Amino acid sequence: GGGGGGGGGGPTPAEGSTPPAKKAKVTGGSKPHVFMDVSIGGKPVGRIEFELRKDVVPKTAENFRCLCTGEKGTGRQGKALHFKNSVFHRIIPGFMAQGGDFTKGNGTGGESIYGAKFQDENFQLKHDRPYLLSMANSGRHTNGSQFFITFDRTPHLNGKHVVFGSVIKGQDVVKKMQNVGTSSGSTKGQVKITDCGEC
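Position one of the sequence shown corresponds to residue 1 (the UniProt record's numbering), numbered consecutively onward.
Written out as structure tokens, the structure reads:
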């Protein structure tokens, strides 16, 4: 019995400050959290949780959040605007895992929630550590739905790719993904997003 109750503990407010009132969860706050459940070769390997920097790159972060929830329905190409059941088609150990092409599955497709490609919002966030989320593109202002997760610092991408979030849980899952990558980018076993959404 006795239903749920509040969440667990958390950081204590500083001496003398008033603890913030408990608020209902607001969808897409300034740093929304989303998740992806991943399988490799048909076997579930765990969940990755991301924090999206809507406070710095709101348009880019909102695109990714909506593609995780699928809330925008069907896109112009007649496919659901949703990462669910799409694959990481390109994984290069020591570099990154690229996914998000839910229309073609090979790196030539994908679509943003805004319809066409959208602009590089800004390059404020840098590729200065592993486990970052950044937009794949084919040149300036060509953002769609494809993204990548970095395995290392990749400073050569600064000013070319828009960083919009980071992995906050499931680094072990990202490592398992890295382990099935190859220098050419092809994967040993299909790396698939079996489910995704907002936390």
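Beta carbons are placed, not taken as given, at the ideal position from N, Cα and C, and that holds for glycine. No experiment lies behind these values; they were computed from the predicted model shown.
Residue i in three-state terms, based on DSSP
i      : result
Phe50  : strand
Pro93  : coil
Glu62  : helix
Thr69  : helix
Gly57  : Here residue 57 is Val; the residue named in the question, Gly, does not match the sequence. The answer is coil: DSSP assigns Val57 none of H, G, I, E or B.
Gln98  : strand
Gly29  : coil
Ser39  : strand
Ser112 : strand
Thr74  : strand
Gly105 : coil
For residue j and residue i, believed in contact at Cβ under 8 Å, the rounded distance
i      : j      : result
Val57  : Lys192 : Their Cβ separation, rounded to whole angstroms, is 27 Å, which puts Val57 and Lys192 out of contact at 8 Å.
Ile149 : Val167 : 6 Å
Ile113 : Leu67  : 7 Å
Gln98  : Gly107 : 7 Å
Phe83  : Phe151 : So it is not a contact: roughly 20 Å between Cβ atoms.
Buried versus exposed call for residue i [16 or more other C-beta atoms within 10 Å across all chains shown]
i           : result
Gly170      : buried
Lys104      : exposed
Thr187      : buried
residue 201 : Nothing can be reported for residue 201, as the shown portion of the chain is limited to 1 through 199.
Thr60       : buried
Proximity test, residue i beta-carbon vs the ligand SAH heavy atom, cut-off 8 Å
i     : result
Val57 : No copy of the ligand SAH appears in this structure; indeed no ligand is present at all.
For this session: Could you pull out every unbroken beta strand (DSSP E) segment of at least 3 residues lying fully inside the segment 116–195, listed in chain order?
Result: 132–135, 147–150 and 163–169
Exercise. If we count Cβ pairs, one from each stretch, closer than 8 Å, do we get three or more for the segment 124–142 versus the segment 178–186?
Worked result: no
Exercise. Quick one: any contact between the segment 150–161 and the segment 40–53, if contact means 3 or more CB pairs under 8 Å?
Worked result: no
For this session: For the segment 114–123 and the segment 138–145, state whether three or more C-beta atom pairs, one from each stretch, are separated by less than 8 Å.
Result: yes
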